[in-house]
Amino acid sequence: MASRKKEDATENVLELFRTAASLPDEQIDLVEGALLIAQGEYAKLDRAVYRLRVEEMSREAREVCSNRTGVGAGVQTGIPTGQRLAQLSQLFSARWGFHGNLEDYYDPRNSFLNDVLDRRTGIPITLSLVYIEVGRRAGMSLVGVGMPGHFLVGSADRSDIYVDAFSGGALLTREDCAARLRQLQPGVVFRPEFLDPVGPRQILTRMLSNLLDIYLRTERFPKALSALEMILCLQPDEPGWLRRRALVHYQLKNYSRAIADLEQYIERAPEDADREEAVKQLKLLHHLRGMVN
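Heads up, the sequence shown is in numbering that gives the first Met the number 0, so the first residue is 0 and it goes up one at a time.
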């Protein structure tokens with residue numbers, strides 16, 4: 000009975016996530032999406048509590064990072080974007096205590112927004128999410144920047160300034176970003192498009208991909224399957240995810256489901272480099288299913 004209730008709760012969260020993911024990218028609520036990912040792990044999570052936490056930080060940020068300052072009788076001028084980002088970074092790291100989790104980088108809790116807000120630590124993408132959403136609610140035009148290996152925050156008002164939320168909200172130039180990439184990904188050649196903004200759909204997909212990699216590495220296949228189900232809500236037109244889900248179904252001995260996913264993948268990705276290997280895997284799965292039956 001308890002197992003059935005857990006399955007029902009998981010299915011309900013997946014349906015809520017599917018509904019959220021079906022919206023146009025600009026309408027996807029990033030905080031809600033991230034909290035639904037967390038609720039896949041914590042069934043009893045009260046998402047409203049954590050939405051309120053973000054709003055409370057945003058109110059404080061609005062007071063500290065106001066974009067208007069008086070200069071005389073009734074005259075106001077805007078505070079430069081760089082100064083406002085520096086103020087928000089000071090709040091983020093010094094006052095609120097957010098910091099990168101270097102000691103246990105691959106702890107799944109670093110990818111769950113509730114844990115990040117409770118523990119004030121996480122990985123680049125979740126810390127950036129907090130920074131972006133607090134800043135946006137405080138009136139700042141912030142965007143996610145999906146640089147390979149290290150997610151950053153960008154400003155829609157300034158194309159020459161970036162924020163590394165993982166490193167205490169450090170402000171970076173384009174040259175700093177390129178240097179950081181060389182340090183973290185020595186084999187990757189920096190390209191300007193690495194600093195292009197990414198939308199909520201890509202951010203949530205990358206969060207789930209991080210979790211998926213952790214679960215596969217630690218052979219937690221039921222959790223890997225849950226992550227893939229959510230990814231496919233966000234990326235239904237990317238057949239590569241079907242192949243990855245098929246491989247997880249194989250590990251769970253769900254041979255019929257693995258066959259269905261591989262057949263879809265082969266049909267939808269006729270030119271894919273992995274197609275030939277997928278055909279071989281499909282034959283193996285049919286053989287395994289025949290042995291079970």
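We put the beta carbon where it would ideally sit given N, CA and C, even for glycine.
Model, not experiment: these values are computed from the prediction.
Proximity below 8 angstroms, CB of residue i to CB of residue j
i: asparagine 379; j: asparagine 100; result: Since the displayed the chain opens at 0 and closes at 292, residue 379 lies outside it and no answer follows.
i: valine 133; j: alanine 60; result: yes
i: arginine 288; j: isoleucine 258; result: yes
i: alanine 37; j: leucine 233; result: no
i: leucine 170; j: alanine 85; result: yes
i: serine 127; j: serine 140; result: no
i: leucine 210; j: proline 123; result: no
i: phenylalanine 248; j: arginine 242; result: Residue identity check: residue 248 is histidine in the sequence provided, not phenylalanine. Contact: no.
i: methionine 229; j: phenylalanine 97; result: no
i: aspartate 163; j: leucine 151; result: yes
i: glutamine 184; j: proline 147; result: yes
Distance, residue j Cα to residue i Cα
i: aspartate 212; j: valine 115; result: 19 angstroms
i: arginine 173; j: aspartate 159; result: 6 angstroms
i: glutamate 25; j: glycine 198; result: 7 angstroms
i: methionine 206; j: serine 225; result: 13 angstroms
i: tyrosine 130; j: glutamate 237; result: 29 angstroms
i: arginine 58; j: glutamine 82; result: 18 angstroms
i: glycine 71; j: isoleucine 78; result: Unreliable positioning characterises glycine 71 in this predicted model, as indicated by a pLDDT of 43, which lies under 50. The coordinate reading is nonetheless provided below. Between glycine 71 and isoleucine 78, the C-alpha separation is close to 15 angstroms.
i: tyrosine 49; j: methionine 290; result: 49 angstroms
i: leucine 281; j: valine 188; result: 37 angstroms
i: glycine 39; j: glutamate 62; result: 34 angstroms
i: leucine 227; j: proline 221; result: 10 angstroms
i: glutamate 276; j: glutamate 55; result: 51 angstroms
i: lysine 10; j: glutamate 31; result: Reading off the sequence shown, one finds glutamate at residue 10, where the question assumed lysine. Computed Cα separation, rounded: 17 angstroms.
i: serine 88; j: arginine 135; result: 14 angstroms
i: alanine 272; j: tyrosine 254; result: 23 angstroms
i: tryptophan 95; j: leucine 51; result: 15 angstroms
i: leucine 215; j: arginine 274; result: 21 angstroms
i: alanine 268; j: valine 278; result: 12 angstroms
i: threonine 125; j: leucine 34; result: 11 angstroms
i: threonine 80; j: leucine 246; result: 47 angstroms
i: glutamine 182; j: tyrosine 104; result: 17 angstroms
i: aspartate 260; j: glutamate 270; result: 17 angstroms
i: glycine 168; j: aspartate 175; result: 13 angstroms
i: leucine 22; j: glycine 186; result: 37 angstroms
i: leucine 283; j: proline 196; result: 42 angstroms
i: serine 244; j: threonine 204; result: The amino acid occupying residue 244 in the given sequence is arginine; serine does not appear at that position. Spanning the two alpha carbons is a distance of roughly 15 angstroms.
Chain D within 8 angstroms of residue i, Cβ atoms only
i: threonine 18; result: Given the protein chain composition of this structure (a single chain), no chain D is represented.
For residue i, the nearest candidate out of the options (CA to CA)
i: histidine 149; options: Leu194, Asp24, Thr217; result: Leu194
i: histidine 285; options: Glu270, Lys252, Arg17, Glu266; result: Lys252
i: glycine 326; options: Thr217, Glu262, Tyr254; result: The question about residue 326 has no answer here: the residues shown for the chain are numbered 0 through 292.
i: alanine 93; options: Ser166, Val152, Glu40; result: Ser166
i: aspartate 28; options: Ala42, Tyr41, Arg46; result: Arg46
i: aspartate 156; options: Ala177, Gly138, Gly145, Leu44; result: Gly138
i: tyrosine 41; options: Gly186, Asp260, Val278, Leu13; result: Leu13
i: cysteine 64; options: Leu90, Leu44, Leu180; result: Leu90
i: glutamine 201; options: Arg256, Gly145, Thr217; result: Gly145
i: glutamate 218; options: Gln250, Glu192, Phe111; result: Gln250
i: proline 191; options: Ala177, Thr204, Gln182; result: Ala177
i: glutamate 102; options: Gly121, Ala245, Leu246; result: Gly121
i: aspartate 117; options: Val53, Arg244, Asp175; result: Val53
i: leucine 44; options: Leu203, Pro23, Tyr105, Phe111; result: Phe111
i: threonine 18; options: Arg244, Leu231, Leu283; result: Leu231
Beta-bridge partners of residue i, as assigned by DSSP
i: glycine 143; result: Val152, Val197
i: glycine 121; result: Gly99
### Task
Return the chain-ordered ranges of every beta strand (DSSP E) run that is complete within the region 150-197 and spans a minimum of 3 residues.
151-154, 161-163, 169-171
### Task
Entirely within the region 231-260 and at least 3 residues each: give me those beta strand (DSSP E) ranges in chain order.
none
#### Entry: Ordered list of alpha helix (DSSP H) runs contained in the region 14-53, each at least 4 residues
29-38
### Message
Please give the ranges of any beta strand (DSSP E) in the region 198-225, keeping only runs that are unbroken, at least 3 residues long and fully inside the region.
### Response
none
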